[in-house]
Every structure is written in C-alpha cells, then in structure tokens.
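To keep things clear, I will list the structure first and then write my remarks on it.
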Amino acid sequence: MSSSRPVGAVCLYFPQTEYTETVYVGQAAGTPLLQLHSLLDSASERPHFYLCWPSAHKVPLYSSWFSMDLHSGVLSLNKTLEESDYAALLALKAWSVQKLFLRTMVLQSSSSWSHCSNRKTARIILDFVNASVPECAHTDPKELCFPHRDTSIPHIMENRFPGALKQLQRLSRARVCPNYTITYSVESESPAPFAVNDSTWELIVTAPLDREESERYRLLLLCTIRTEAVITNLETPLEVFVNDEDDNAPFINGTDTADITISYNRTKGGLFGTLFVYDRDLTPIYPEQNQNKYVWTSLNSDPWIKETFDLKGTFREKKNALGGIRETVHDYKLVLKRSLVVTENRSVQLHYLVNDTTYPGLRGTVLLHFNVTVLPVKITFPNVTQVYSVSRRASVYAQVGRVCVDNCPEFDGFTVSYRLEVPDRNLSSSLQSCYSAVSVSQAAEKPWGLLFVNDTEPLGRPECRELVYTVVAVEGHTQEETIVQIVVLLEGDAANAQEAQEFSSCAGNKRRGECESVRGLGATNGRCQWRQGNERGISESYSTCSPDLRTCPDSICDAVESKAPSICPQDCTEDLVVGGHERGLERGIQAGYGTCYCLTERCFCEKEDDEVAICDDMCKTIIATALLLSFIISILLSSYFIHRYHKNSPKPPIASAEMTFRRPAQAYPISFNANNLRRGSQESIETDTFKIPEDPKWEFPRKNLVLGKTLGEGEFGKVVKATAFRLKGKAGYTTVAVKMLKENASHSELRDLLSEFTLLKQVNHPHVIKMFGACSQDGPMYLIVEYAKFGSLRNFLRESRKVGPSYMGRDANRNSSYLENPDDRALTMGDLISFAWQISRGMQYLAEMKLVHRDLAARNVLVAEGRKMKISDFGLSRDVYEEDSYVKRSKGRIPVKWMAIESLFDHIYTTQSDVWSFGVLLWEIVTLGGNPYPGIAPERLFNLLKTGYRMERPENCSEEMRTAPCI
Numbered sequence: 001m002s003s004s005r006p007v008g009a010v011c012l013y014f015p016q017t018e019y020t021e022t023v024y025v026g027q028a029a030g031t032p033l034l035q036l037h038s039l040l041d042s043a044s045e046r047p048h049f050y051l052c053w054p055s056a057h058k059v060p061l062y063s064s065w066f067s068m069d070l071h072s073g074v075l076s077l078n079k080t081l082e083e084s085d086y087a088a089l090l091a092l093k094a095w096s097v098q099k100l101f102l103r104t105m106v107l108q109s110s111s112s113w114s115h116c117s118n119r120k121t122a123r124i125i126l127d128f129v130n131a132s133v134p135e136c137a138h139t140d141p142k143e144l145c146f147p148h149r150d151t152s153i154p155h156i157m158e159n160r161f162p163g164a165l166k167q168l169q170r171l172s173r174a175r176v177c178p179n180y181t182i183t184y185s186v187e188s189e190s191p192a193p194f195a196v197n198d199s200t201w202e203l204i205v206t207a208p209l210d211r212e213e214s215e216r217y218r219l220l221l222l223c224t225i226r227t228e229a230v231i232t233n234l235e236t237p238l239e240v241f242v243n244d245e246d247d248n249a250p251f252i253n254g255t256d257t258a259d260i261t262i263s264y265n266r267t268k269g270g271l272f273g274t275l276f277v278y279d280r281d282l283t284p285i286y287p288e289q290n291q292n293k294y295v296w297t298s299l300n301s302d303p304w305i306k307e308t309f310d311l312k313g314t315f316r317e318k319k320n321a322l323g324g325i326r327e328t329v330h331d332y333k334l335v336l337k338r339s340l341v342v343t344e345n346r347s348v349q350l351h352y353l354v355n356d357t358t359y360p361g362l363r364g365t366v367l368l369h370f371n372v373t374v375l376p377v378k379i380t381f382p383n384v385t386q387v388y389s390v391s392r393r394a395s396v397y398a399q400v401g402r403v404c405v406d407n408c409p410e411f412d413g414f415t416v417s418y419r420l421e422v423p424d425r426n427l428s429s430s431l432q433s434c435y436s437a438v439s440v441s442q443a444a445e446k447p448w449g450l451l452f453v454n455d456t457e458p459l460g461r462p463e464c465r466e467l468v469y470t471v472v473a474v475e476g477h478t479q480e481e482t483i484v485q486i487v488v489l490l491e492g493d494a495a496n497a498q499e500a501q502e503f504s505s506c507a508g509n510k511r512r513g514e515c516e517s518v519r520g521l522g523a524t525n526g527r528c529q530w531r532q533g534n535e536r537g538i539s540e541s542y543s544t545c546s547p548d549l550r551t552c553p554d555s556i557c558d559a560v561e562s563k564a565p566s567i568c569p570q571d572c573t574e575d576l577v578v579g580g581h582e583r584g585l586e587r588g589i590q591a592g593y594g595t596c597y598c599l600t601e602r603c604f605c606e607k608e609d610d611e612v613a614i615c616d617d618m619c620k621t622i623i624a625t626a627l628l629l630s631f632i633i634s635i636l637l638s639s640y641f642i643h644r645y646h647k648n649s650p651k652p653p654i655a656s657a658e659m660t661f662r663r664p665a666q667a668y669p670i671s672f673n674a675n676n677l678r679r680g681s682q683e684s685i686e687t688d689t690f691k692i693p694e695d696p697k698w699e700f701p702r703k704n705l706v707l708g709k710t711l712g713e714g715e716f717g718k719v720v721k722a723t724a725f726r727l728k729g730k731a732g733y734t735t736v737a738v739k740m741l742k743e744n745a746s747h748s749e750l751r752d753l754l755s756e757f758t759l760l761k762q763v764n765h766p767h768v769i770k771m772f773g774a775c776s777q778d779g780p781m782y783l784i785v786e787y788a789k790f791g792s793l794r795n796f797l798r799e800s801r802k803v804g805p806s807y808m809g810r811d812a813n814r815n816s817s818y819l820e821n822p823d824d825r826a827l828t829m830g831d832l833i834s835f836a837w838q839i840s841r842g843m844q845y846l847a848e849m850k851l852v853h854r855d856l857a858a859r860n861v862l863v864a865e866g867r868k869m870k871i872s873d874f875g876l877s878r879d880v881y882e883e884d885s886y887v888k889r890s891k892g893r894i895p896v897k898w899m900a901i902e903s904l905f906d907h908i909y910t911t912q913s914d915v916w917s918f919g920v921l922l923w924e925i926v927t928l929g930g931n932p933y934p935g936i937a938p939e940r941l942f943n944l945l946k947t948g949y950r951m952e953r954p955e956n957c958s959e960e961m962r963t964a965p966c967i
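Sequential numbering from 1 applies to the sequence shown in full-length UniProt numbering.
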C-alpha cells in the first residue's frame, strides 16, 4: 500500500450501485424507506445526496412522491401512496413491471442541478405493491431484518477513508412490529476490518483497505429479533470486494538481463528473450483508462540497434503464490525490425527503461538489459554421402528424396537454392545422358530441395545404374556456395518401352482395382496407390488414388506436385470441387466425403460405389434365374395379400394433425414411414395413414443432398451439416444444415417438424434462420436450412470465456486486444449489445407476422458468419435437454426458466411472453452463457415466481449495457 494518496483518486463514491426496497399502498407521507451511503477520501468531506434524472424530458410521473435528505441520504415518501397512484401507473403502457426506478448522485457541495452528472450514480428499485403493509403477525421475521431481494455487492476502493458502508436496519419496516427488538452484528471467516454501529445499525469499515492483502471479504450478517416470548436468530451472507488503484511500483522478480543468441532464425518480426516485470496492481479495465499505463523508452544511441531491434510488451494476470491475490505480469521481448543477412556478426547491449506512468511515487521505473550476440550462418552440407534409390519403373515426376544443408529446417529469414551437376565432365555422351534421369526442384518458401524423376528414358538403360551427382547449394543474399556429392541407384526391372511412355493421372480413378492397375504420373514404382477411407461423412482420410501416399495427399502442394496439375490435384487444385468437401488453406482438398477423384476440369467428392464382383456366364445364368423366380413369387404373394386387405379392412378415417406451435391450429395431412419412427400402435396407425403433400416450390431432390457430421442433437431430433448440389438453382455445392427426427421420435415430434416447415415458408428476415427447402418424399422428413458457422449463441458465449477474463464485472480489466492469445471469439461490450439488437429485430419481425416463438433462449439462437444472429428452433426438439433448464410434463419437456408466468400457470403464449423470454436471453448474453436462476431447481421456480421473485440485473451488467437503446 502506498503511503501517499494516488494521483487522480476518485473522491465521493457509492460503494453500492443498487438499492432495493418495497413500497405499499397506504404507506404514510414521511415514512423513511432506505438510506444511502457514500465513502469519503477524508474526514473533512461532507457528502450531499440528490435524486436526479437522465434528462429534464425523462422525469417520471412518480418523481414528486419521494424526497432525499441532503445530508443523511435517507429516502422518504413525500406523500401517502393511494390506490389511485397505482392505477395511474398501471394505465401507462410503459409501466408493466410494477417497479419504480429512481437514480441518485452524491456531490461535495450543495447544488440545485437535478440532472444526473457524468460521475457514478446509484440506482434505487422500489417494488410497488397494490396492497397494505403486512401486519406484524403476517410478516416473515427475515423480512424484518433483510430486504428479500437485495443482491447488490459492495465495492470499496482501497486506501480510502473508513466509514459507514451499508444500513442494515430496514427503515420501511421499523414500525411494523413495535414490540420487537432487532439488533445486528457481523462475523467473518477471517479477521476483517468491519463492524456494526450499535446505535445506527450501520455496517462500517473500520480501517482503509488494501486490495493487495485481500480482494474480497466474506461476511456473515446476523440479525437477532427479541420478543417477550422468543429470540429469533437470522443470518445472510455478504461479500465485499476491494477495487484496485495504482499504488504499487513495478519490480523485477528475478533477473533484469537476458542473454540472446541469434543464429538460424533471423527473420523480420522474430521474437527473442523474455524479461518479466511484476506489478501487484491489476491491469486497466478499459484501454482508455489511465490506470497502470506502461511505456518503455530505448536508451540505445547506436543507429544499427535502433534500425534493427524494438521492444514488444504484453501483459497478463496471475495469482501470487502467497495469498492468491491477482497481480500483473508484463512480458518484454526483443523483436527484429528487419531480417539479418547470414554474414552479420556482432555483439551488442540493449537497454530499455520501463515506466509505470500512473504510479505516483518515485520508484515507478525499472531497467531491462539484453545482451545480444548475432552469429553468422555458415552454409555447409553434412560430411556424408547420401544414397538415394529409384525404381526403374518410376514415372516422371516421381519424388526421390530431399536435399538439405546443415540445420536447414531451422532456417528463417533467408533462402537457399539447389542445383545438380555432373561431377565428371569426361564421361561418354551415352553415360552423361543417364544424368537427365533426376533433377532437383526448390521447395516453395523452404530451405531444401526436392529430388524427382525428370526423364524416364535412362531408367530403362542397363548402363545407367549408379549415378553420382554434385549438389550445389547457394545462399540467396551472399550467393555463397557449398557442394556435396550424392549417389542415386537405379534398381529393379525396367518397364517395357510402351509402358514407359504412357502416363495418366492417378487422381482420375474412382476404384481401387482401376487405381492399382494404372501407370500414373509421379508414381514411385510405376503404379498408382489406393488409400481407403474408413470414416463416415466428410473426413481428412477420404478414399483416393495417389501416385505416392507419402506426399499425396498431405494438404501441401509442394514444388514437384505444382509442376503439373495432374500429379496431385488433391493437394494443388484451384478449380471447383463438386460434392461434400472442405477446402485446404490455399488450394486442394483438406477433407472430403466418400471418394475424391479429379478429372481434367474439376474434382469430385462423392459416396463410394460398391465394386461389382467378377461373375462368369454360369454365375450370371444362375443369378438371373433366381431373380426371375423371386419376382414371380413376389407378384403372386403381393396380389393375394392386397386382395385380402381390401376385402377385410375398413376405410381409413379422415384425420388431421393441427400445428401446436406459434399459430392457431391448422389442418395438415401427415405421413411418415413407420420404419423410421418407433411409435405406439395408435400413433403409428394415425400417422402412417396419411401422406405429406409435396410442395414443388420447396421440395429438394434427396439424391442431391450429402449428409455430414452431426452438429447437435436433442431427445427426438438432430441437426447435421450437409452439402446440397444445385440448391435454389445455384451452381455447385452449398454448405447447409439439415434438421431431422431420430428413430425414437413420435407423432407429436413429426407434427412439430412439419409445423416448423410450414412456418419457415412464410418468414424471410436476416435475423431469422432461412429455410432453403425440404425432402418430404420417399424417406424421412428433412428440413434444409442455412448453416450457422459458430453454432448456438449459448455455446458461442461460453467458448468466449476461454479467451480469458472478459471486460465485465470485477474482472473487467482488459479489452480483447490485450489478451495473451487473442481469439476471434474475444467479445467486447459492443458485440454483446449488437447480439441483443439483432435478436430484438428478428423477434420484432416475428411479432409483426403474428408469430409467437415460445422457446426463445440462447440455445435456440444461432451465430452465423460475421457474428450474425439467427433465431431458430420453431418446433423441433431442443438443441440440448438439460435437467436444470426443462421440466418433464406429460406433454413433453418445457423450458421453465425462460417461460413467462402466464405461460407457466395458464398455458398462455403471446408476444408478451416472448418478451419475457427475451429478458432472460439478455441475462444469458450479459453472463456469457450463464444458466438463469442459478442454483434454483425448475420445480421450486414455480412457487418463487408466484411470490414475486425475479432475477436481478447481473453484477457484471455495466451501465452502458443496461441503458443501451435496444434493451
């Protein structure tokens, strides 16, 4: 803790940003309701409390009902509340929550200004009950001691003057039970500077706090109610957090000097060495804040150093080993501002001054030192003769091996090129022509060369057996050369003259038999090689035909493969790929569905065709005879059973399945194959009797749909990723999502899916999931909808937590750009507000369409490319059924925690009930995917909601978020 006051200290402030109380009809004028407190910087300060309003145009009707005592901070009633007051508010369309919202500010001097200043204010929430104050006999003792929904958490700035923190006595209930004596005390699990004033019943902080000693105090507030007959003891927990300020100097915990050797990695942007600077304070909440701002200054005058090196700093939080208190660690590394040539050879010392600019003391700087040695790089080959072997049956462009100078895999920042030479110039012309068999190609952006078959003619000549080459390596900047000899052995029997000139692309073969019988371009032993995939759906190990499975496919279009497009198009194609697949980073096929093969103009990935077994004439005769007899017998049996069925069975009744979601019931004929759904006999009969009518506008050919991996599933349905060919007339394949039922689904789930199908035909909005079509004939019902890259909003929000502490709440200490490993899921406050705004636009559209969603929640909102929100799930089983989200009823599971009261108790679903769900969804967004009503079982929630219980605004819901126009 600093001995002096930090510069820029905040003066008066509210330790509690929200106060709650209940007011009743009939409460008399002058009744005190609650008391606010402000913490001070010094004993000489005198706080002045005022009620204030956002603007003169936003003063509520009830503003004159209340008054705030200027000096004590006690809020009182200005008038006796009447039933007519309640009715007047109820008549206002905007007043539907039965709450009164006030705002208060604290100043150091008197003021007549009623507009809320930019300084922090506190919010007062009063529940307005249209009933009299309960009599003593009907009052829960706990209600006399503590507000029933006071969830606010005090935050105290460290190093501030001690004083009153919180009024424990409920002023509004002080006269309810005049014969009761109510006293308070406080306890803590460890020594804490808190006490209760026995005369005012205020919780006070008795000494300045130091966040570096304790960030949080867990207190237990005790209330004792004494009557003539009984003593009642009640308790409630209270957490008090200590906010940080810059009152600690930076320090070095270890060494202040780093020794660095730069050798093979000498590329621009390379990072070297790490020195750590520690600060017991936290990082700033927002980048624009001035707290704990670090800058560094170079103390180096050497021009070479200035143009070559810079310092890069990042910071992170860690918990110290002693008390687990969070502190900041700054990491500093040297960064190369330019690539260094291989001949650079020098040693230098670098010095940097790191300054905590907001620390008020004299020790706000530390010195960092880097001793740098730059070594020259010598281009040499290993002192051994490498031997390579080549099959005489190899095809042109078959890869032989790799040549590389010493340590070349570690090179970065400079290039090495290679060439082959014939060491003996006195060889006969016949022997010299043997050396055209092998050549070398420079690997793209790699410091090695690839040996490959350049000419197959020498492979067939007996005199070409052992070829000795000289490999010359040349460094790109200095042109320094080094050489080594290699030996290439030609082995095996040569291909015949005709075969030696016939090469085709291995990639064009769809079946193993065809593949392994073809002499392919780039094949190391003359024949193509088959890779058999063993996974369903789109997989990186797809089936394909390759010239060399060591290098093709491997998701890298290397220097040899790029010489001809037909060598390995699986790695190198830049053309259209038809079918289920995932593209490589720049080119090629990263993953494919079934078998991937490539023709001249394009590649295809499609389901494998079963190869037909070889069968002779006798085999074919037997099979044909058996098939003919089977066909005749089938015809006879079918005729017999059809005749009996029509003779004995009654005519089927005419029935319909009404839509159960969103709109009034509509007649809708339904059919689904009983083999695809396991139902009770009654449901099976009812469903299978009818047929789903085909809608030509929306029907999509089932054969043009390739199903992939499962994206999510519920109890009765699932969603899979798929590719659709020629969707809506669009050329090629489109990535989509397909919704379908599981085998255990019943008639009601099928009805819901058909209901969603009918509804999605009618909606078209950028923030509502779009349907492209359906497969309703000759198989299970499929709904084809747009694919959302990031999945559900709930999972997206929860994934964002992994990036590190967000900007929110007491951990709201950095923007995503400050994170150690930033991720594209790092969210800002603007992102969360945008999410809420997009969803509100989609729901407004549905309301205008007279549609009610009934299950709006973060799990039923999808996140598409560009963080676009898409409202989904209009009838199918939920994405994930969780026990703490749904309650099982006889008619299915219901999402209790997202449902409005009228929906829970009276089964009424309206646009207003969707608004309730939207409020819960906002809570999910602010808490980054938190579970609503945490710790409360759905079964208990029924009664709690009935008694008036509501979730409070989360602690980490900032003022900016709370007052956003869309919310």
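Positions of the beta carbon are idealized from the N, C-alpha and C atoms, including for glycine.
For Phe796, the secondary structure class from DSSP, reduced to helix, strand or coil, is helix.
The region 588 to 598 and the region 540 to 552 touch, with no fewer than 3 CB-CB distances between them shorter than 8 Å.
In the DSSP annotation of this structure, the continuous segment of the beta strand (DSSP E) that includes Met869 starts and ends at 868 to 871. Rounded to the nearest angstrom, the Cβ distance from Gly522 to Asp554 is 13 Å, too far for a contact under 8 Å.
By the CB criterion at 8 Å, Val577 and Cys557 fall outside the cutoff. If you compare the alpha carbons of Ser391, Glu344, Asn355, Gly413 with that of Val374, the shortest gap goes to Glu344.
Within a 10 Å sphere around the beta-carbon of Lys268 sit fewer than 16 other beta-carbons, which makes this residue exposed. Of the other Cβ atoms in all chains shown, fewer than 16 fall within 10 Å of the Cβ of Gly866; this residue is therefore exposed. Around the beta-carbon of Asp493, fewer than 16 other beta-carbon atoms lie within 10 Å, marking it exposed. Residue state for Glu514 is assigned as helix, using DSSP reduced to three classes. Residue pairing by DSSP puts Ile262 in a beta bridge opposite Val374. Cβ neighbours of Thr121 within its own chain (closer than 7 Å, five residues either side excluded): Cys52, Arg103, Thr104, Met105. Its Cα nearest to that of Ala437, the residue Asp455 stands out among Trp448, Leu928, Ser566, Asp455.
Here Arg465 has Leu489, Leu490 as same chain residues with Cβ atoms under 8 Å from its own Cβ, once five neighbours each way along the sequence are excluded. A residue is called buried once 16 or more other Cβ atoms fall within 10 Å of its Cβ, and Glu187, having fewer, is exposed. DSSP, read as helix, strand or coil, puts Cys136 in helix. Distances from the alpha-carbon of His853 to those of Ala937, Gln912, Asn496, Ile305 put Gln912 closest. DSSP places Thr104 inside the beta strand (DSSP E), whose first and last residues are 99 to 107.
With the rule of 3 Cβ pairs closer than 8 Å, the region 199 to 215 does not count as touching the region 254 to 261. Rounded to whole angstroms, the separation of the alpha carbons of Asn744 and Val861 is 25 Å. When Cβ pairs closer than 8 Å are counted between the two stretches, the region 466 to 486 is seen not to touch the region 357 to 374, the count staying below three. Exclusion of the five residues before and after Lys728 leaves Phe772 as the residues of its chain whose Cβ lies within less than 7 Å of its Cβ. Taking C-alpha positions only, Asp906 is separated from Trp916 by approximately 15 Å.
The way I'd put it, the region 41 to 51 does touch the region 62 to 75; three or more beta-carbon pairs between them come closer than 8 Å. A direct Cα-Cα distance of roughly 32 Å separates Phe241 from Ser63. As summarised for the region 393 to 433, the continuous alpha helix (DSSP H) elements at least 4 residues long and confined to that stretch are 429 to 432, given in chain order. Between Asn159 and Glu213 the beta-carbon gap is near 12 Å, outside 8 Å, which marks them as no contact. For Ser517, the number of other beta carbons within 10 angstroms of its own is below 16, and it is reported as exposed. Residue state for Pro303 is assigned as helix, using DSSP reduced to three classes. Take Gly930, set aside five residues on each side of it, and the residues of its chain with a beta-carbon closer than 8 Å to its own are Trp923, Glu924, Pro954, in chain order.
Cβ neighbours of Met899 within its own chain (closer than 8 Å, five residues either side excluded): Ser913, Trp916, Ser917. Beta-carbon to beta-carbon, Gly163 and Leu12 are separated by about 11 Å, too far to satisfy the 8 Å threshold.
Uninterrupted alpha helix (DSSP H) stretches at least 4 residues long and entirely within the region 30 to 54 do not occur.
Taking Gly919 as reference, the option from Arg583, Asp831, Ile839 with the minimal CA-CA separation is Ile839. Taking C-alpha positions only, Thr17 is separated from Pro154 by approximately 8 Å.
The residue among Val763, Tyr949, Glu608 with its C-alpha nearest the C-alpha of Glu535 is Glu608.
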